[in-house]
Each structure stands twice: as structure tokens, then as C-alpha cells.
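A.B. asks: Residue numbers (our numbering): 13 to 508.
All residues carry an ideal CB built from backbone N, CA and C; glycine is no exception.
This is the structure we're talking about:
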């Protein structure tokens with residue numbers, strides 16, 4: 013019973029190594045406990061089509077705790093993808109987000125490559141103003157080109173041709189002279205004969221190991237984020253290139269994410285932070301995977317960082333949205349000049365003096381003697397001698413005869429109510445954009461049918477923007493989209 017408790021504790025609570033189990037239990041021999049732990053884990057093993065240098069098949073342990081970790085990251089990546097898809101291209105917010113994260117990627121590479129270039133150089137790279145520079149510094153320019161290639165070609169099959177094209181972009185060349193590494197790693201650890209720890213694959217194994225990686229990428233049914241993380245680990249493990257193997261590992265991981273499920277939106281995420289993981293800790297994990305063939309140790313290690321990166325991205329997006337909403341809400345509309353328009357003189361209107369008789373009666377009561385009545389005409393005012401008359405109020409009544417085809421008055425909000433409703437909608441639903449809230453607040457009468465053309469005219473925007481916005485409102489259940497003949501209409505849905 014105790015053995016089962018230890019098995020769950022050192023698998024579910026913490027995916028511990030054999031050495032960590034011995035340290036926590038403080039015993040000289042952990043073999044009995046370790047055999048129970050491995051027996052428990054074996055129930056969740058998934059054997060992969062990629063192998064270690066010693067040709068041991070790599071495995072992944074999909075126990076409940078690790079599966080939960082994977083599912084949580086998948087959910088966050090889906091949220092990231094949705095947020096990115098909601099950023100309309102060429103908008104200010106999209107450009108700001110894209111610029112911010114590209115610049116962060118370049119700063120990470122600057123630190124990882126130890127280039128020591130300044131902010132001015134990085135800003136010049138962002139503005140695409142670098143024509144030539146020191147060859148080592150050109151990796152920043154080339155890396156952006158590689159990212160752009162992934163964004164353009166993320167639907168292409170991930171094979172050796174894709175890898176070669178991506179590596180050529182990173183090197184800044186049109187044609188590769190060499191591809192895979194042709195010289196052995198000179199690290200002293202590779203010369204150890206007993207308990208050898210490889211820091212890279214021997215030259216003769218690079219081709220077969222990379223081919224097995226392509227097979228794994230194209231055939232594995234593991235979750236996309238898990239497949240991408242294993243791809244990152246394996247390329248770092250093999251080190252197939254003479255230069256930039258680590259950078260290629262990140263690029264290929266992003267390519268897997270983009271190709272499999274998340275499109276080009278994930279390319280801007282700064283997963284390059286994986287290059288800056290603590291070297292000693294990362295090296296220990298790589299050694300453990302090499303000895304045990306269990307890639308779960310690296311997955312457990314890397315996913316915690318990747319989850320934080322996604323949280324940071326989502327927080328930044330939320331902050332940007334709030335800032336944009338605040339700026340839009342408090343923005344003072346620019347006063348438009350009033351155009352002088354010549355108004356034609358109105359037609360003469362027949363009026364009645366409703367207070368004339370009342371004033372006359374008061375005058376007669378106040379007069380001490382009869383007063384000679386003055387002939388009254390419509391052109392000349394009435395005169396009273398030696399009597400101060402009260403001020404008269406004249407009401408002009410115009411009689412207009414109009415007939416309406418409907419017997420009801422349409423329901424409508426005045427502008428003040430519409431502004432309040434618009435503000436309330438934005439505060440209740442952060443997914444709603446300001447233009448969408450502005451339109452809906454003034455077009456939400458039950459039973460009416462609104463069109464894309466109305467949105468376009470009301471917001472003074474392009475047709476495609478209007479169509480996307482109306483479809484988004486329908487997706488958020490503000491409208492029900494229906495097709496009448498050859499035109500789509502949007503009918504308000506009753507909401508609480």
C-alpha cells in the first residue's frame with residue numbers, strides 16, 4: 013500500500029527522478045520504491061517513433077497530472093489563437109502587438125547570442141532599415157525572415173525540404189552549400205566510454221534521426237503543444253546543424269504549432285524564452301531523458317514555462333484592450349465646422365391669438381371710463397389709451413395634415429441612452445469591440461433586420477470590416493444571422 017502511495021506521490025504530485033526520490037525519502041537504496049513507481053507509470057506510457065542515440069525508443073508518460081498540464085496549455089494556446097484572430101490585420105492594436113512581441117524576440121536573441129547590440133540597432137531591424145551589418149548581427153534580420161516564412165508557409169508539409177528552406181532563411185542565403193553538420197562534436201563528454209552522455213548526435217546518425225522526427229511530426233496523434241515541445245527537445249538533442257541548432261529548434265516548434273492547429277497567430281509568441289532557461293537545470297533534464305528515454309521529464313519542465321508565457325501574452329492583450337477602450341471612451345470628438353446654409357424664407361403661416369380675448373377683458377375691467385374702440389384689423393395692432401396692459405403671450409399653431417402608413421410609433425433610443433448602453437455593453441463583454449458596441453446600441457430593436465451595408469454606413473468603414481464585425485456580433489449571440497434571398501440579415505437576439 014505504501015509503495016502505491018509513493019508511486020502516485022512521485023508521479024502525480026511531482027514527476028521525480030530516481031535521485032530525487034532517494035533524497036526525499038532519505039534512504040540509501042530506493043530500488044524497491046523505484047520499481048513500484050515505474051510500474052505505476054507504465055500504465056500511461058506512450059512509445060514514440062523517435063529514438064535516442066543508443067537507439068532506445070523515447071516514451072511519454074500521460075499520467076493524469078501530466079495530461080492536465082498538457083490540456084491546460086492547449087486551452088491557453090486556443091485562447092491566444094482566438095485573441096490573435098480577433099485582432100484585425102492593419103489595425104493599430106494588431107500592429108502594436110506584433111511590433112511588441114517581435115521586438116521581444118529580437119531582444120531574447122540578442123541576449124542568447126551575446127551580440128551586445130543596442131536598442132537603436134534593434135529598432136532599425138524592426139523598421140527593416142538594415143541593409144548590411146556585421147555578419148554575426150545579421151542573425152536578427154534573418155530570424156525575422158525565418159518567422160515570416162513560417163507565417164507564409166505554415167500549411168506546407170514539414171519535411172526535409174521545409175527544414176532546408178527555413179535554415180536557408182536563418183542563414184540569409186538563397187541556396188545552401190551544406191545542410192546537416194559534417195563534423196563531430198568536440199565536447200570532451202562525447203569521448204567518455206562508460207555512462208557516456210552525448211551532447212549531440214554523431215554525424216552518421218543525424219540523417220536517420222531527423223527522418224524519424226519528420227515521421228513523428230506527421231503521424232503522431234499527441235496534442236499539438238506536446239508534439240511541438242518534443243520537437244524542440246529532439247532537435248536540441250541531435251544538434252543537426254553546425255550553427256544555430258537551438259534557434260532552429262524554436263522555429264521548428266513554432267512551425268509545428270502553426271501547421272497542426274493554431275495557424276500563423278502563434279508565430280509572434282516569444283517562445284524563444286526557452287533559449288534562456290537556466291543552463292545547468294536544462295542540462296540535467298537532458299541527461300535524465302537520455303539515460304531513461306523518458307521525455308516526460310522535459311515536458312514537465314518546459315510546460316510550466318510555456319504556460320507562464322501564454323499567461324503573460326493574454327494579460328498583455330487584456331491590458332491593451334482596456335487601454336484602447338479607455339482611450340476611445342474619453343476621446344473628445346473633434347468639433348466640426350458649422351457650414352452656413354442659406355435657408356429660404358418660410359411661407360406665411362396663419363396664426364391665432366389665443367390670449368387676445370383674455371387681455372381685452374382685463375383692460376375693460378381696469379378702465380375708469382368707456383374707451384373708444386379702435387377698429388381692429390389683422391395688419392394693425394390693437395391700442396388701449398391710458399391703460400397699462402399685461403404682456404401678451406402669442407402661440408403660433410400650424411395645422412399640417414399628414415397620414416402615415418403605420419399606426420404605431422417605432423421604438424428608438426435617444427442618443428444619451430444609446431451612449432449609456434454602449435458603455436454598459438463594453439464593460440460587460442470585453443470581447444466586444446467599440447465599433448460593434450456602438451452599432452448594436454443603436455440597432456437592437458427586436459424584430460428588425462439589420463444589414464452589413466447599414467453597419468458600413470453607420471461606422472464609415474470598409475465592407476469587409478463591416479462583414480467581420482456583424483459576424484462577430486452574431487458569434488457572440490447579439491444577432492441571429494439569416495439569409496433572405498441573396499442577402500444576409502442580422503436579427504437582434506433577446507438578451508437579459
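Indicate the three-state DSSP secondary structure (helix, strand or coil) for residue 109 in the structure shown.
C.D. replies: Start at 1 with the first residue of the chain shown, and residue 109 comes out as number 97. If DSSP states are grouped into helix, strand and coil, residue 109 belongs with the helices.
A.B. asks: Give the DSSP-derived three-state secondary structure of residue 53 in the structure shown.
C.D. replies: In the chain shown, residue 53 corresponds to position 41, counting from 1. If DSSP states are grouped into helix, strand and coil, residue 53 belongs with the helices.
A.B. asks: Per DSSP, which one or two residues make a beta bridge with residue 492?
C.D. replies: Position 480 of the chain shown, counted from the start, is the residue given in the question as residue 492. BP columns for residue 492 point to 503.
A.B. asks: Going by other Cβ atoms of all chains shown within 10 Å of its Cβ, with 16 needed for buried, is residue 254 buried or exposed?
C.D. replies: As a first step, residue 254 is located in the chain shown; it is residue number 242 there, counting from the start. By the neighbour-count rule (16 or more Cβ atoms within 10 Å), residue 254 is not buried but exposed.
A.B. asks: Of all the options 501, 259, 299 and 474, which has the alpha carbon lying nearest to the alpha carbon of residue 286?
C.D. replies: As a working note, residue 286 is residue 274 in the chain shown. Checking every option, the nearest Cα to that of residue 286 belongs to 259.
A.B. asks: Indicate, with yes or no, if the ligand NAD has a heavy atom lying under 8 angstroms from the CB of residue 275.
C.D. replies: Annotation note on the ligand NAD: not contained in the displayed structure, which lists no ligands.
A.B. asks: Let me confirm a value: residue 434 is counted as buried when at least 16 other C-beta atoms fall within 10 Å, else exposed. Which label applies?
C.D. replies: Along the chain shown, one-based indexing puts residue 434 at 422. Classification for residue 434: buried.
A.B. asks: How many Å lie between residue 116 and residue 102 at the Cα?
C.D. replies: Looking up residue 116 in the chain shown gives position 104. Looking up residue 102 in the chain shown gives position 90. Approximately 20 angstroms, taken between the alpha carbons.
A.B. asks: Using the rule of at least 16 other Cβ atoms within 10 Å of the residue's Cβ for burial, across every protein chain shown, is residue 42 buried or exposed?
C.D. replies: On the chain shown, position 30 is the one that residue 42 refers to. Residue 42 comes out buried.
A.B. asks: Have a look at the DSSP bridge pairing and note the partners of residue 150.
C.D. replies: One-based indexing of the chain shown puts residue 150 at position 138. BP columns for residue 150 are empty, so no partner.
A.B. asks: Measuring only the C-alpha atoms, how far is residue 26 from residue 239?
C.D. replies: Reading the chain shown from its first residue, position 14 is the one you call residue 26. Reading the chain shown from its first residue, position 227 is the one you call residue 239. Each residue's Cα considered, the two are about 22 angstroms apart.
A.B. asks: May I ask you to report which of helix, strand or coil DSSP gives residue 306?
C.D. replies: The residue you call residue 306 lines up with position 294 of the chain shown. Three-state result, residue 306: strand.
A.B. asks: Going by DSSP in three states, residue 73 sits in which element: helix, strand or coil?
C.D. replies: What you label residue 73 is simply residue 61 of the chain shown in a count that begins at 1. Residue 73 falls in the strand class under three-state DSSP.
A.B. asks: Okay, do the region 322 to 332 and the region 268 to 279 touch, 3+ Cβ pairs below 8 angstroms being the bar?
C.D. replies: The answer is no - the region 268 to 279 does not touch the region 322 to 332, with fewer than three Cβ pairs under 8 angstroms.
A.B. asks: Leaving aside the five residues before and after residue 93 along the sequence, list all residues of the same chain whose C-beta is less than 6 angstroms from its C-beta, in chain order.
C.D. replies: On the chain shown, residue 93 is found 81 positions in, with the first residue counted as 1. Once the five neighbours on either side are set aside, the close Cβ partners of residue 93 are 274 and 277.
A.B. asks: I want to see whether chain C comes within less than 9 angstroms of residue 69, judged by CB atoms only; does it?
C.D. replies: Among the chains in the structure shown there is no chain C, since it carries only a single protein chain.
A.B. asks: Let me make sure I understand the geometry here. Which of 38, 304, 36 and 56 has the alpha-carbon closest to that of residue 67?
C.D. replies: Along the chain shown, read from residue 1 onward, the residue named residue 67 stands at position 55. Per the Cα distances, 304.
A.B. asks: Tell me whether residue 97 is buried or exposed, calling it buried when 16 or more other Cβ atoms sit within 10 Å of its Cβ.
C.D. replies: Taking the chain shown and counting its residues from 1, one reaches residue 97 at position 85. With fewer than 16 Cβ atoms within 10 Å of its Cβ, residue 97 is classed as exposed.
A.B. asks: What are the start and end residues of the alpha helix (DSSP H) that includes residue 429?
C.D. replies: On the chain shown, residue 429 is found 417 positions in, with the first residue counted as 1. Per DSSP, residue 429 belongs to the alpha helix (DSSP H) from 427 to 440.
A.B. asks: Would you mind listing the alpha helix (DSSP H) stretches within the region 158 to 237 that are 4+ residues and don't spill past its ends, in chain order?
C.D. replies: Listed in chain order, the complete alpha helix (DSSP H) runs (minimum 4 residues) inside the region 158 to 237 are 172 to 183 and 215 to 231.
A.B. asks: So, with DSSP's three-state summary, where would you put residue 58?
C.D. replies: Mapped onto the chain shown, residue 58 falls at position 46. Looking at residue 58 - three-state DSSP - the assignment turns out to be strand.
A.B. asks: Among 252, 439 and 59, whose alpha-carbon lies nearest the alpha-carbon of residue 216?
C.D. replies: Walking along the chain shown from the start, residue 216 turns up at place 204. Closest by alpha carbon: 252.
A.B. asks: So for residue 18, helix, strand or coil by DSSP?
C.D. replies: Position 6 of the chain shown, counting from 1, holds the residue named residue 18. If DSSP states are grouped into helix, strand and coil, residue 18 belongs with the helices.
A.B. asks: Whose C-alpha, out of 470, 474 and 463, is nearest the C-alpha of residue 496?
C.D. replies: Locating residue 496 in the chain shown gives position 484, counting from the first residue. For the residues 470, 474 and 463, the minimum Cα distance to residue 496 belongs to 463.
A.B. asks: So residue 49 packs on residue 23, CB below 8 angstroms; how close in whole Å?
C.D. replies: Here the question's residue 49 lines up with position 37 in the chain shown. Here the question's residue 23 lines up with position 11 in the chain shown. Rounded, the Cβ-Cβ distance is 6 angstroms, consistent with contact.
A.B. asks: First and last residue of the alpha helix (DSSP H) that includes residue 468?
C.D. replies: Here residue 468 refers to the residue found at position 456 when the chain shown is read from its first residue. Looking at the DSSP string, the run of the alpha helix (DSSP H) that includes residue 468 is 464 to 471.
A.B. asks: Have a look at residue 19 and residue 313 and give me their C-alpha separation to the nearest angstrom.
C.D. replies: Numbered from 1 along the chain shown, position 7 holds the residue referred to as residue 19. Numbered from 1 along the chain shown, position 301 holds the residue referred to as residue 313. Straight-line Cα distance between these residues: approximately 19 angstroms.
A.B. asks: Return helix, strand or coil for residue 139, following the three-state DSSP convention.
C.D. replies: Your numbering for residue 139 matches position 127 in the chain shown. In the structure shown, residue 139 sits in coil (DSSP, three-state: anything other than H, G, I, E or B).
A.B. asks: Compute the Euclidean distance between the alpha carbons of residue 53 and residue 161, then round it to the nearest angstrom.
C.D. replies: On the chain shown, residue 53 is found 41 positions in, with the first residue counted as 1. On the chain shown, residue 161 is found 149 positions in, with the first residue counted as 1. C-alpha separation (whole angstroms): 40 angstroms.
A.B. asks: What does the Cβ neighbour count give for residue 118, buried or exposed, with the cut at 16 atoms within 10 Å?
C.D. replies: Residue numbering aside, residue 118 sits at position 106 when the chain shown is read from its first letter. Answer is buried; the Cβ neighbour count reaches 16.
A.B. asks: What does the alpha-carbon distance come out to for the pair residue 492 and residue 486?
C.D. replies: Your numbering for residue 492 matches position 480 in the chain shown. Your numbering for residue 486 matches position 474 in the chain shown. Computed Cα separation, rounded: 6 angstroms.
A.B. asks: Less than 9 angstroms between the C-beta atoms of residue 153 and residue 127, yes or no?
C.D. replies: Counting from 1 along the chain shown, the entry for residue 153 is found at position 141. Counting from 1 along the chain shown, the entry for residue 127 is found at position 115. Not in contact: residue 153 and residue 127 (Cβ atoms no closer than 9 angstroms).
A.B. asks: Please name the residue, chosen from 459, 294, 319 and 455, that lies closest to residue 91 on a Cα-to-Cα basis.
C.D. replies: For the purposes of this step, residue 91 is taken as residue 79 along the chain shown, with counting starting at 1. Of the listed residues, the one whose Cα sits closest to residue 91 is 319.
A.B. asks: Please report how far the alpha carbon of residue 107 lies from the alpha carbon of residue 65, in whole angstroms.
C.D. replies: Indexing the chain shown from 1 puts residue 107 at position 95. Indexing the chain shown from 1 puts residue 65 at position 53. Going by the C-alpha atoms only, they are around 44 angstroms apart.
A.B. asks: Do you know how far the Cα of residue 288 is from the Cα of residue 281?
C.D. replies: Sequence index remark: in the chain shown, residue 281 carries index 269 (1-based). Sequence index remark: in the chain shown, residue 288 carries index 276 (1-based). About 15 angstroms.
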